[in-house]
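Counting from 48, one number per residue, gives the positions in the sequence shown under the numbering used here. In this text, a Cβ means the ideal position worked out from N, Cα and C, and glycines have one as well.
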Amino acid sequence: MAGLQINHLYKRYGKDKHPVVKDFHMTIRDKEFIVFVGPSGCGKSTTLRMIAGLEDISEGEIFIDDQLVNHLPPKDRDISMVFQNYALYPNLSVYENIAFGLRMRKLPKHEIDIAVKKASRILEIDPYLNRKPRHLSGGQRQRVALGRAIVRNPKLFLMDEPLSNLDAKLRVSMRMEIIKLHQNLGTTFIYVTHDQAEAMTMADRIVVMRDGIIQQIDTPERIYSMPANTFVASFIGSPQINFIRGKIEENALGVLEFHTSRFKLPVHGSNATALRKHSQVNKQVVLGIRPENISLEALFSEAVISGSYQFTELMGADRYLYLDIGQDNLLIARVSPSVHFEKNEAVRLGIDTLKVLFFHRETGERFS
Numbered sequence: 048m049a050g051l052q053i054n055h056l057y058k059r060y061g062k063d064k065h066p067v068v069k070d071f072h073m074t075i076r077d078k079e080f081i082v083f084v085g086p087s088g089c090g091k092s093t094t095l096r097m098i099a100g101l102e103d104i105s106e107g108e109i110f111i112d113d114q115l116v117n118h119l120p121p122k123d124r125d126i127s128m129v130f131q132n133y134a135l136y137p138n139l140s141v142y143e144n145i146a147f148g149l150r151m152r153k154l155p156k157h158e159i160d161i162a163v164k165k166a167s168r169i170l171e172i173d174p175y176l177n178r179k180p181r182h183l184s185g186g187q188r189q190r191v192a193l194g195r196a197i198v199r200n201p202k203l204f205l206m207d208e209p210l211s212n213l214d215a216k217l218r219v220s221m222r223m224e225i226i227k228l229h230q231n232l233g234t235t236f237i238y239v240t241h242d243q244a245e246a247m248t249m250a251d252r253i254v255v256m257r258d259g260i261i262q263q264i265d266t267p268e269r270i271y272s273m274p275a276n277t278f279v280a281s282f283i284g285s286p287q288i289n290f291i292r293g294k295i296e297e298n299a300l301g302v303l304e305f306h307t308s309r310f311k312l313p314v315h316g317s318n319a320t321a322l323r324k325h326s327q328v329n330k331q332v333v334l335g336i337r338p339e340n341i342s343l344e345a346l347f348s349e350a351v352i353s354g355s356y357q358f359t360e361l362m363g364a365d366r367y368l369y370l371d372i373g374q375d376n377l378l379i380a381r382v383s384p385s386v387h388f389e390k391n392e393a394v395r396l397g398i399d400t401l402k403v404l405f406f407h408r409e410t411g412e413r414f415s
C-alpha cells in the first residue's frame with residue numbers, strides 16, 4: 048500500500064511560459080480515495096499522467112512511499128492505470144486480457160490463474176472469462192479493464208475518467224462497483240473526472256482544479272457547504288448555487304444587513320463576524336445560497352426574498368422554481384413538486400440565514 052507526496056508540481060510544454068499545472072502540492076494518505084475534479088483543460092489529467100510517469104515533470108517532486116519517482120519509468124512505479132477508453136485486445140478472451148500483463152512479467156501459470164480468477168470474482172465477471180470483448184456490454188468491458196489493473200496488486204490505482212463513455216444508468220452502477228472495489232482492496236485510488244456527482248459520491252477528499260491551480264482540497268461535505276470561493280461553490284452542486292450581488296450595511300441597532308435594490312436580509316453570527324473582520328461594512332459583496340436552503344415558508348422566516356415566477360423544472364421528487372429578483376441571473380429554489388405558479392406571479396421565499404455564504408466581490412474568496 049502507498050501514500051503519495053506531491054511537492055510544488057509544475058508542467059510546461061515547450062517554451063510556453065504559462066504552465067498547465069501550477070504549484071500542485073498535497074499529501075495523499077495510504078488507502079485514500081482522492082478525486083481530481085474540474086472543467087476540461089484544468090490540468091487534472093496532466094497531473095495524473097505525471098504521477099503515472101506518462102508525462103515529464105517540469106518542476107517539483109513526486110514521492111511514492113517516500114521514494115522519489117520523478118525519473119522512474121511507469122513500469123517501475125508499481126501503479127495501475129485505467130483510461131477513459133477500455134483499450135482491450137479484441138482478439139483475446141476476457142481471461143487473456145486480464146492475464147496479459149502478468150504473462151508479460153513471466154509469472155508462473157498457476158499464479159496467473161489464481162490472480163485472474165480472484166479479480167474476476169471481485170468484479171463479478173467470472174461467467175464471461177471465455178468471451179471476447181465484442182460480446183460484452185460497455186459496463187462489462189470497463190470491468191475487464193479494471194480487472195487487468197487489479198491483478199497487478201499495485202500500490203496506486205490511477206483512473207482517468209473511466210466512466211465517461213458509459214450511459215447515465217451504467218455510470219451510476221459502475222460508481223458503486225468502484226467504491227466497493229476500493230473498500231475490498233484497501234489500496235490508494237486517485238480518480239480524475241469532470242463530473243461533480245462522481246466526485247461527491249466517491250471521494251474521501253476532493254481536489255478542485257481550475258486553470259492548472261488547486262482551488263480547494265477537502266472532504267465532499269466541506270467542499271459543498273464551505274467552498275473556498277465562488278468557482279468551487281458554482282462548480283459543485285446541481286442545480287448550482289445562487290449568487291446575489293448586494294451591499295453590507297449596518298442598521299440603527301448595530302445589526303448588519305445585506306441590501307439589494309429589492310430587499311434586505313439580516314446578517315448574523317459567524318457571517319457578521321467575518322464581514323466585520325474583513326472590513327466589508329458599506330462595501331459590495333456576493334451572497335451565495337443553495338436552492339435547498341430557500342423555501343416557500345416565508346411567514347416563518349426573518350429573511351425574505353420576493354420575486355416573480357418565470358418557469359419551472361420538475362425533477363421527480365423536487366421542483367425547481369426560477370424567479371426574477373431583479374439581477375442578471377434568475378434565483379433557483381427547490382420546492383415540493385405539487386407547487387404551481389402562473390407566469391410573473393409574485394412569490395415570497397424564506398432564506399435559511401444559517402446557510403448563507405458571503406464572497407468577495409472582486410476575488411471571489413469566501414469570507415471566513
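Checklist entry - Near D63, which residues of its chain fall below 6 angstroms by C-beta distance, leaving aside the five closest residues on each side in sequence? => result None.
Checklist entry - Can you list, in chain order, the stretches of the alpha helix (DSSP H) that have 4 or more residues and sit fully within the stretch 291–365? => result Complete alpha helix (DSSP H) runs here, min 4: 316–324.
Checklist entry - Three-state secondary structure (DSSP) at V116? => result For V116, the three-state secondary structure derived from DSSP is coil.
Checklist entry - By how many angstroms is the C-alpha of I398 removed from the C-alpha of E296? => result Counting only the Cα atoms, I398 lies some 18 angstroms from E296.
Checklist entry - If we ignore side chains and look at the alpha-carbon of each, how far apart do F282 and I291 end up? => result In this model, F282 and I291 are separated by some 16 angstroms (Cα to Cα).
Checklist entry - Are R395 and S353 closer than 8 angstroms when you measure CB to CB? => result Yes, Cβ-Cβ distance for R395 and S353 is below 8 angstroms.
Next on the checklist: Between which residues of its own chain and R59 is the CB-CB distance below 6 angstroms, once the five residues before and five after are set aside?
Outcome noted: For R59, the CB contacts under 6 angstroms within the same chain, skipping 5 residues up- and downstream, are P66, S105 in chain order.
Next on the checklist: I'd like to know whether the C-beta atoms of T320 and V84 end up nearer to each other than 8 angstroms.
Outcome noted: No, the Cβ-Cβ distance between T320 and V84 is not below 8 angstroms.
Checklist entry - Within this structure, are the beta carbons of L210 and I126 separated by less than 8 angstroms? => result Against a cut-off of 8 angstroms, the Cβ pair of I126 and L210 comes out as no contact.
Checklist entry - Helix or strand or just coil, what does DSSP make of F418? => result The shown model of the chain, from 48 to 415, leaves out residue 418, and the question about it has no answer.
Checklist entry - Is it true that the CB of L149 sits closer than 8 angstroms to the CB of V198? => result V198 places its beta carbon less than 8 angstroms from that of L149.
Checklist entry - Which of the three DSSP states, helix, strand or coil, is assigned to Y367? => result If DSSP states are grouped into helix, strand and coil, Y367 belongs with the strands.
Checklist entry - Does the beta-carbon of T94 have 16 or more other beta-carbons within 10 angstroms, so that it is buried, or is it exposed? => result With 16 or more other Cβ atoms within 10 Å, it is buried.
Checklist entry - Span of the alpha helix (DSSP H) holding V255? => result Unbroken run through V255 is the beta strand (DSSP E), 252–257; no alpha helix (DSSP H).
Next on the checklist: Here's the rule I'm using: 16 or more other beta-carbon atoms within 10 Å means buried, otherwise exposed. How should H25 be labelled?
Outcome noted: Shown here, the chain extends from 48 to 415; a query on residue 25 therefore has no answer.
Item to check | Assigned secondary structure, H55 (DSSP; H/G/I helix, E/B strand, else coil) | outcome: Strand, per DSSP.
Checklist entry - Going by alpha carbons, who is nearest to A162 out of P180, N200, V141, L368? => result The residue among P180, N200, V141, L368 with its C-alpha nearest the C-alpha of A162 is N200.
Checklist entry - In whole angstroms, what is the alpha-carbon distance linking Q243 and L300? => result Answer to the nearest angstrom: the Cα atoms are 43 angstroms apart.
Checklist entry - Are the Cβ atoms of K294 and Q263 separated by less than 8 angstroms? => result Their beta carbons are not under 8 angstroms apart, which means K294 does not touch Q263 by this criterion.
Checklist entry - Is the stretch 146–160 touching the stretch 219–238 in the sense that three or more CB pairs, one from each, lie closer than 8 angstroms? => result No: fewer than three Cβ pairs fall under 8 angstroms.
Checklist entry - Applying the criterion that 16 or more other CB atoms from any shown protein chain within 10 Å of the CB defines a buried residue, is D422 buried or exposed? => result Residue 422 is absent from the model: the chain starts at 48 and stops at 415.
Next on the checklist: Let's see if you can read the secondary structure: which residues bound the alpha helix (DSSP H) around T235?
Outcome noted: Looking at the DSSP string, T235 is not in any alpha helix (DSSP H); the run it does join, the beta strand (DSSP E), is 235–240.
Checklist entry - Rounded to a whole number of angstroms, what is the C-alpha to C-alpha distance between D265 and K153? => result Our two residues, D265 and K153, have alpha carbons roughly 42 angstroms apart in a direct line.
Checklist entry - Expressed to the nearest angstrom, what Euclidean distance is found between the alpha-carbon atoms of F388 and L404? => result Near 28 angstroms, if we compare the C-alpha coordinates of L404 and F388.
Checklist entry - With a Cβ-Cβ cutoff of 8 angstroms, do R413 and P274 count as a contact? => result At a Cβ-Cβ threshold of 8 angstroms, R413 and P274 count as neighbours.
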